[in-house]
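Trainee: Under mature numbering (1 follows the signal peptide of the UniProt record, and there is no 0), the residues of the sequence shown are numbered -31 to -1, 1 to 206, in order.
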Amino acid sequence: MPRQQDGIGGRTVRLIAGVALAALTAAPAAAAEQTYPVGRFSEISASSPAEVQVRTGAPASARAVGDAAALSRLDVHVEGDKLVIRTRRGMRWPGRARATVYVTVPALRAASVAGSGDVRVDRVAGPDFAGSVAGSGNLAVAELRTRTATLASAGSGNINAAGVVDQLQASAAGSGNIDARRVRARSARVSAVGSGNVEAQASQQAEVVSVGSGNAIVSGTTNCRVRARGSGEARCG
């Protein structure tokens, strides 16, 4: 007896079942969410593999979303004026588990990255800001509106920033790069003492130093003091 065709209905059922199975396979094994009670702070220190997204101009809060195994090992608390985000003492991050920490804060004065997770800040407004990287994670600031900004990289992670400041100081001592070409600074002091590159711009004056294999470059002004002692390039103009 000839085999009967499944028809559109049969194919549709199999298609829906296949899509559902694919969705279940792609979904995290155990997604979780955790809210942390935090007090006032104006600095952030991140030393875990978790990604951190910071939104300023709102009351202080911290919330993590991700794999349950990661959240169980995540420590988020305030020490003095600093929000600390790290792996719990005595614990290891669970393999490829992922987590994102969403932070809100009225104003941010400093952000440091010492782990492998990235930190992204939407806006910084105030007198001063200091951003640093000492691990493999990256720091990105979408908009700076400060009198002074200090950016320092001593690891393999990168720093990327944009905005408007009076005085910019940027120093790369590791293999990571600092890209401050979209920061419109009145004056800039940049130095590359490792293999990482530093790029910035200044409208009035600049000091440019390269003593390693990395390049230190400032555009926008020819009123510069330039010093190069390594194989890297120091240039402005």
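A virtual CB, placed ideally from N, CA and C, is assigned to each residue, including glycine.
In the DSSP output, which residue or residues are listed as bridge partners for A76?
Mentor: Note: A76 sits in no beta bridge, so no partner.
Trainee: Within its chain, find whatever has a CB closer than 6 Å to the CB of G206; leave out the 5 residues flanking it on each side and keep chain order.
Mentor: For G206, where only same-chain residues beyond five positions count, the Cβ hits under 6 Å are T191.
Trainee: I need the straight-line Cα distance from S200 to V167, nearest angstrom please.
Mentor: Roughly 14 Å between the two C-alpha positions.
Trainee: So for A(-5), helix, strand or coil by DSSP?
Mentor: Any reading at A(-5) must be qualified, since the residue scores a pLDDT of 44, below 50, and its modelled position is unreliable; the value itself is stated next. A(-5) falls in the coil class under three-state DSSP.
Trainee: Based on DSSP bridge pairs, tell me the residues matched to F98.
Mentor: For F98, which the question treats as bridged, DSSP gives the partners A118.
Trainee: Going by the beta-carbon positions, is the gap between Q3 and L52 smaller than 9 Å?
Mentor: Cβ atoms of Q3 and L52: not closer than 9 Å.
Trainee: Work out the CA separation of V178 and R194 for me, nearest whole Å.
Mentor: Each residue's alpha carbon lies about 8 Å from the other.
Trainee: What is the residue span of the alpha helix (DSSP H) that A33 lies within?
Mentor: No alpha helix (DSSP H) contains A33, which is instead part of the beta strand (DSSP E) from 30 to 36.
Trainee: Could you please give the first and the last residue of the uninterrupted beta strand (DSSP E) stretch that includes V53?
Mentor: From DSSP, the beta strand (DSSP E) with V53 extends over 51 to 56.
Trainee: Report yes if the CB atom of Q136 is closer than 9 Å to the CB atom of A154, and no otherwise.
Mentor: Result yes, Cβ atoms of Q136 and A154 sit closer than 9 Å.
Trainee: For S14, which residues does DSSP report across the bridge?
Mentor: Looking at the DSSP assignment, S14 forms a beta bridge with V53, S81.
Trainee: For the stretch 123 to 177, list the beta strand (DSSP E) runs that are entirely contained and at least 3 residues long, ordered along the chain.
Mentor: Those beta strand (DSSP E) runs which fall completely within the stretch 123 to 177 and span 3+ residues are 128 to 141, 147 to 161.
Trainee: Within the chosen definition, does the stretch 102 to 121 reach the stretch 43 to 60 through at least 3 CB pairs nearer than 8 Å?
Mentor: Taking 8 Å as the limit for Cβ pairs, the verdict is that the stretch 43 to 60 does not touch the stretch 102 to 121.
Trainee: Closer than 8 Å is the cut-off here; do at least three beta carbon pairs connect the stretch 18 to 36 with the stretch 65 to 78?
Mentor: Yes, the stretch 18 to 36 is in contact with the stretch 65 to 78.
Trainee: Just the C-alpha distance for S30 and R196, rounded to the nearest angstrom, thanks.
Mentor: Each residue's alpha carbon lies about 45 Å from the other.
Trainee: Starting from S188, trace the beta strand (DSSP E) both ways and give me its first and last residue.
Mentor: Start and end: 185 to 188.
Trainee: With which residues is R196 paired in a DSSP beta bridge?
Mentor: Paired residue(s): V178.
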